[in-house]
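Report on one structure; see the data block that follows.
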Amino acid sequence: MKGAEAVIEALKKEGVKHIFGITGGAIMPVYDALHDEKKLTHILTRHEQCAAHAAEGYARSSGKVAVCMTTSGPGATNLITGLADAYIDSVPLVAFTGQVPTHLIGGDAFQEADIIGMTMPITKYNFQIKDPKNIGKIIKSAFKIAVSGRPGPVIIDLPKDVQLKEEKINFPDKVEIQGFKPKLEGHPVQIKKAANILLNAQYPLILVGGGVTISNSSEELKQIAELVGAPVITTLMGKGAFPETHPLCLGMVGMHGKKIANWALTQADVLIAIGTRFSDRITGSLDDFAKDTKVVHIDIDPAEIGKNVKVDLPIVGDAKLILRVLLKVLLKMTKKKNTAWSKRVKELKQICDCDLNIKGSPIDPRTIIHEVQKFLKDDDIIVTGVGRHQMFAAHYFKRNKPRTFITSGGLGTMGFGLPAAVGAKVACPNVEVIDYDGDGSFQMTGKELATCKDNGIKVIPVITHDKWLGMVQQWTRLFLKERYSQVYLGDIPDFVKYAEAFKLEGMKVKKPSDISEALKIAKKSDEAFVIDIDVNPDIDILPMMPSGGSLSQFFGPCIKKSLFDQIKPVRK
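When you line the sequence shown up against the numbering used here, it's residues 99 to 670, in that order.
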């Protein structure tokens, strides 16, 4: 068969159902092979970056490897932002890029780009196929690399002549990749030490990162937390991995975290960190972070352990396998206990909880979240753009299941929301998918409403329209004496008319009382429905740790601040 036909056959053998992408000259043979294919659905996005983000949304909501595809040159380079986003957030995807014929590579041919060289720092591995005989083996290897160990993106570059050449192709059932053997089983001695440390702690705390969601270990985590009475805090990527309505859950930690979560971290004598890379947004100043706390770090990537934070006990391996063994060890060593520490933290959590149902116009962003939260079911998915609205969403939405809160974490990519929501909806068609977005972020990729219309993909963009690049506005107000430089977006566009340009419907909301009605109308709609909400631009997401500050430093209070500040530290 032709190389292009072999690509399609290999994808089917991997169980792929959907591809996100845009065709072009150098990838046309593969698209020609797709023409009569019945088992694969291709979704034509309006930008290659959006194809990558859609694949991210698909992978993160389903837990499966997702696929995106573009042509050479600018088609390939437009993928780079999405690949970098997937790489830092550990999202498994395989990206196919067309390439000029092999005899033209290196000669600056039309639409040639060295995508292999460009993406080496932001992918797990790159392949450029020179011989069609290797297509089956390479695609099988790419899928294995993308999902094994710490997940991430892999690129396969396809020169046009390789796609056109006919060869006898072998499709192996298994592949061995030299030098690629991720460690999955945690060391039993280290796990037993972790159990002892946890049981002997007076003030234990569990920090949950995205690795808990990726490894599907939420249930084991919940049982361990309940068994030892340890409060749980999460990173942005770990949101939803532990039920946020659970009495032991203190919410997100870090720069925009809950005050109770940050306070608990400063008081803990033992921190069990699972599947997190200890980013600067979590730790603040490393000199002050967990300096009197014993840290146990569980992660599948050994490069992350000790990279940012000094670790007292490292355990390398898959979080689910490690937590499963840790739970068995703990069950043999102790009965369920309800410590004074967990009771104390629960009391403080009540003091620090904030009211969301805030009246008045312009609308407070927290009021929107209050209404959307009532609208959501446990299995529904919130996807966000990036900016101030994202931090409001992370701080105040309560998600009880993993893979129901999807956002761009490490890279902070504006425009992520709508295309990622498209991918999530394709992967999970039976749930509502809301793109909770900002007006600045949405404008970057809003053209994907055309993808929604043409493919019958129903998502609900809820756009907080405050006319500013909100997070930059907040930072400028707090740190640059309100010297706003190129931060104001103005009144355009009218997002309802924007939706109408794509033959979709929408609703403008100016009063808090209309939010619920707009959500009801959107739910009844068979198509994507845009809700454009005028928001008070002067409401900052607080409390906020200043850049480079410590977890005990904040700008702005939380509700009931005076009560909270009367609480004395539990550790002297």
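Don't be surprised by glycine CBs; every beta carbon is placed ideally from N, CA and C.
As the structure is a prediction and not an experimental result, all values here were calculated from the model.
Asked	Found
If you draw a straight line from the C-alpha of Met442 to the C-alpha of His344, how long is it?	For clarity, residue 442 is Arg in the given sequence; the question names Met instead. Rounded to the nearest angstrom, the two C-alpha atoms are 15 Å apart.
Out of Val414, Thr432, Asp378, point me to the one whose CA is closest to Gln407's CA.	A small correction: the amino acid at residue 407 is Val; Gln does not occupy that position in the sequence shown. Measuring from the Cα of Val407, the nearest candidate turns out to be Asp378.
So for Gly122, helix, strand or coil by DSSP?	coil
Roughly how many whole angstroms lie between the Cα atoms of Leu348 and Asn498?	13 Å
What do you reckon, are the CB atoms on Thr169 and Ala149 nearer than 8 Å?	no
Residues bridged to Trp566 by DSSP?	Tyr586
CB Ser648 to CB Asp416, shorter than 8 Å?	no
Which residue wins for smallest C-alpha separation from His676, given the options Pro517, Ile613, Phe340?	Here the chain covers residues 99 to 670 and nothing more, so residue 676 does not appear.
Enumerate, from N- to C-terminal direction, the unbroken beta strand (DSSP E) stretches of 3 or more residues contained entirely within the stretch 421 to 509.	479 to 482
Can you tell me the Cα-Cα spacing of Val260 and Pro199, whole angstroms?	7 Å
Using the C-alpha atoms, what's the distance from Tyr582 back to Lys659?	Here Lys659 scores only 49 on pLDDT, less than 50, and its place in the model should not be relied on; the value that follows carries that caveat. Lys659 and Tyr582: Cα-Cα distance of roughly 29 Å.
Val368 and Leu425 look like a contact to me (Cβ under 8 Å); what is the Cβ gap, rounded to whole Å?	Actually they do not touch by this definition, with Cβ atoms about 17 Å apart.
For the candidate residues Thr139, Glu103, Ile449, whose alpha-carbon lies nearest to that of Ile555?	Thr139
Grouping DSSP H, G and I as helix and E and B as strand, with all else coil, what is His151?	helix
Could you check whether Lys291 and Leu384 sit closer than 8 Å to each other, using their CB atoms as the reference points?	no
Taking only runs of the beta strand (DSSP E) that begin and end inside the stretch 169 to 200, which ones reach a length of at least 3 residues, in chain order?	191 to 197
Tell me the DSSP secondary structure of Cys99 in three-state form.	According to the sequence shown, residue 99 is Met rather than Cys. Residue state, collapsed to three classes: coil.
Ordered along the chain, which non-local residues of its own chain (more than five positions away) have a Cβ less than 8 Å from that of Ile106?	Val128, Ala131, Leu132, Glu135, Leu138
Taking the beta strand (DSSP E) that Asp537 belongs to, which residues open and close that run?	Per DSSP, Asp537 belongs to no beta strand (DSSP E); it is in the alpha helix (DSSP H), 537 to 543.
So Ala371 packs on Leu305, CB below 8 Å; how close in whole Å?	4 Å
Can you tell me whether Asn360 is buried or exposed, with buried defined as 16 or more other CB within 10 angstroms of its CB?	buried
Which of the three DSSP states is assigned to Pro329 in this structure?	coil
Am I right that Lys242 and Val287 are in contact with their C-beta atoms under 8 Å? What's the rounded C-beta distance?	About 30 Å separates the two Cβ atoms, so there is no contact after all.
Rounded to whole angstroms, what's the CA-CA distance from Trp566 to Gly538? Just pull it up for me.	7 Å
Determine the contact status of Ala522 and Tyr156, defining contact as a CB-CB distance below 8 Å.	yes
Tell me, to the nearest whole angstrom, how far the beta carbon of Ser459 is from that of Lys608; I am working on the premise that it is less than 8 Å.	7 Å
Between which two residues does the beta strand (DSSP E) harbouring Leu142 extend?	139 to 142
Expressed to the nearest angstrom, what Euclidean distance is found between the alpha-carbon atoms of Lys100 and Lys263?	5 Å
For Cys526, does the three-state DSSP call read helix, strand or coil?	coil
Across which residues does DSSP place Pro257 in a beta bridge pair?	Gln197
Does Asp397 pass the burial test, meaning 16 or more other C-beta atoms within 10 Å, or should it be called exposed?	buried
Nearest to Phe540 by CA position, among Val560, Lys228, Lys162, is which residue?	Val560
Determine contact between the stretch 232 to 242 and the stretch 174 to 184, defined as no fewer than three beta-carbon pairs at a distance below 8 Å.	no
Please determine if the stretch 456 to 472 and the stretch 626 to 639 are in contact, where contact requires at least 3 C-beta pairs separated by less than 8 Å.	yes
Does the stretch 330 to 343 come within contact of the stretch 270 to 284, defined as at least 3 CB pairs closer than 8 Å?	no
Taking three-plus beta-carbon pairs below 8 Å as touching, is the stretch 498 to 513 in contact with the stretch 570 to 586?	no
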